[in-house]
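K.L.:
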Amino acid sequence: MADLEFPGFRFHPTEEELLNFYLKKVVFGHKLHFDIIGFLNIYRHDPWELPGLAKIGEREWYFYVPRDRKQGPSGAGTPNRTTLNGFWKATGSDRTIRCLTDPKKILGLRKTLVFYNGRAPRGSKTDWVMNKYRLMPQNSSSKEDIVLCKIYRKATSLKVLEQRAAMEEEEMERAAMEEEEKFFLISEINIFCNSVTNEEVQECELEQEQEQEQAPQEQEPIKEEHVEDVQEVALVKK
137 MADLEFPGFR FHPTEEELLN FYLKKVVFGH KLHFDIIGFL NIYRHDPWEL PGLAKIGERE
197 WYFYVPRDRK QGPSGAGTPN RTTLNGFWKA TGSDRTIRCL TDPKKILGLR KTLVFYNGRA
257 PRGSKTDWVM NKYRLMPQNS SSKEDIVLCK IYRKATSLKV LEQRAAMEEE EMERAAMEEE
317 EKFFLISEIN IFCNSVTNEE VQECELEQEQ EQEQAPQEQE PIKEEHVEDV QEVALVKK
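Residue numbers for the sequence shown follow the working numbering, so the first one is 137 and each next one is one higher.
1. How far does the beta strand (DSSP E) with residue 261 in it extend, from its first residue to its last?
2. Is the Cβ-Cβ distance between residue 225 and residue 256 less than 9 Å?
3. Please tell me whether residue 267 and residue 248 are closer than 9 Å, where the distance is taken between their beta carbons.
4. With respect to the alpha helix (DSSP H) encompassing residue 160, which residues constitute its N-terminal and C-terminal limits?
5. Since residue 202 contacts residue 287 with CB under 8 Å, what's their CB separation in whole angstroms?
6. Evaluate residue 322 with the Cβ neighbour count: other Cβ atoms within 10 Å of its Cβ, from every protein chain shown; 16 or more gives buried, anything less gives exposed.
7. To the nearest angstrom, how far is it from the Cα of residue 144 to the Cα of residue 194?
8. Residue 199: which of 149, 284, 241 sits nearest, CA to CA?
9. Where does residue 325 land, buried or exposed, given buried means 16+ other C-beta within 10 angstroms?
10. Under the rule that 16 or more other beta-carbon atoms within 10 Å means buried, what is residue 223, buried or exposed?
11. Tell me which residue opens and which closes the beta strand (DSSP E) that residue 223 is part of.
12. Taking only the alpha-carbon atoms, compute the straight-line gap between residue 253 and residue 233 and give it to the nearest angstrom.
13. Looking only at its chain, what residues have a beta carbon closer than 7 Å to the beta carbon of residue 154, apart from the 5 residues adjacent to it on each side?
14. Between residue 179 and residue 227, which are expected to be in contact by the criterion C-beta below 8 Å, what is the C-beta distance as a whole number of angstroms?
15. Expressed to the nearest angstrom, what Euclidean distance is found between the alpha-carbon atoms of residue 157 and residue 239?
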C-alpha cells in the first residue's frame, strides 16, 4: 500500500503481538487503524503467488485466513490444505505461545506447515513455510473463526548452497563427458562405415576389371568356330 511505504518502516511483529493485538482485534470485531494484513483464502493460491497478494512485506507475508475446514462427513476428516500445484503439510504438534510478561498466560497456538509440490501423500518438499496462529478457545468466543498466517521462505545455509553448487557442477561435468563419449562413438561408427564402403567399392571395381579381362578370352573361341563354318560353306559351294 502506498500510504504504508514510509522510509525505514518495517513490519516485524512478535508472536505475542500477532496473537494479542492483530488477531484478537479482528476476531472480536475491533477496527484497526491501518489496513496492514488482508483477508485471503491462501489455499486457493500456491505460496509463490502470495507475496504479490499481500498488503505489505518483504520476506514475510501475513494474511487473515478463514480457518481450514476438515474434509469428510461432519468435518471428521483432515483439513483441506491443497492448492493447484501442491499441498501444505503440518510438521509436529501445535506449540503454545505464552505472554512474555506473564508466562503462565497462554495467548494462543502456533502450527507450522511446509509446502510440498505434487499430490499428497507424495510430493517434493519446498522451502516455503507457514506459521498459522490461532487464539485459545476461551479467548475466541466469537462468531469469527479466523486464523492469522505468516508465510515465508526458509533460509538456506551456506553449506547447503555449496553442496548444491557442487552437485550441479558434477552433473554438468558428467553431462559433458557423456556428450563427448557419444560424439566419439558416432565418429568411430562413421569411420567404420566409411572403411567398409571403401572396401566394397574396391572389391566391386576389382571384379569389373577381372570381368573385362576375361571377356575377350571367352569371345576368341567363338570367332574361330565362326571362321571354320565360313570355310566349310565356301568348299561346298565350289
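All C-beta atoms, glycine included, are put in the ideal place defined by N, C-alpha and C.
P.N.:
Concretely, from the data shown:
1. The count along the sequence shown starts at 1 and reaches residue 261 at position 125. Unbroken beta strand (DSSP E) run through residue 261: 260-271.
2. As a first step, residue 225 must be located in the sequence shown, where it is residue number 89. As a first step, residue 256 must be located in the sequence shown, where it is residue number 120. Yes, these two residues count as a Cβ contact at 9 Å.
3. For this step, residue 267 is matched to residue 131 along the sequence shown. For this step, residue 248 is matched to residue 112 along the sequence shown. Yes, the Cβ-Cβ distance between residue 267 and residue 248 is below 9 Å.
4. On the sequence shown, residue 160 is found 24 positions in, with the first residue counted as 1. Taken as a continuous stretch (DSSP letters only), the alpha helix (DSSP H) holding residue 160 covers 160-163.
5. If you number the sequence shown from 1, residue 202 lands on position 66. If you number the sequence shown from 1, residue 287 lands on position 151. The pair is not a contact, with the Cβ atoms about 16 Å apart (cut-off 8 Å).
6. Here residue 322 corresponds to residue number 186 of the sequence shown, with the count starting at 1. Exposed, because fewer than 16 other Cβ atoms sit within 10 Å of the Cβ of residue 322.
7. In the sequence shown, the residue the question calls residue 144 occupies position 8. In the sequence shown, the residue the question calls residue 194 occupies position 58. Taking the straight line joining both Cα atoms gives about 13 Å.
8. Counted from its first residue, the sequence shown places residue 199 at position 63. It is 284 whose Cα lies nearest to the Cα of residue 199.
9. Numbered from its first residue, the sequence shown carries residue 325 at position 189. By the 10 Å Cβ count, residue 325 comes out exposed.
10. For the purposes of this step, residue 223 is identified with residue 87 of the sequence shown, where counting begins at 1. So residue 223 counts as buried.
11. In the sequence shown, residue 223 corresponds to position 87, counting from 1. 222-226 is the extent of the beta strand (DSSP E) around residue 223.
12. Taking the first residue of the sequence shown as 1, we reach residue 253 at position 117. Taking the first residue of the sequence shown as 1, we reach residue 233 at position 97. Roughly 30 Å separates the two Cα atoms.
13. Looking up residue 154 in the sequence shown gives position 18. The residues are 269, 284.
14. Taking the sequence shown and counting its residues from 1, the one referred to as residue 179 is at position 43. Taking the sequence shown and counting its residues from 1, the one referred to as residue 227 is at position 91. Their Cβ separation, rounded to whole angstroms, is 17 Å, which puts residue 179 and residue 227 out of contact at 8 Å.
15. Within the sequence shown, residue 157 is the residue found at index 21, counting from 1. Within the sequence shown, residue 239 is the residue found at index 103, counting from 1. Their backbone Cα atoms lie some 17 Å apart in a straight line.
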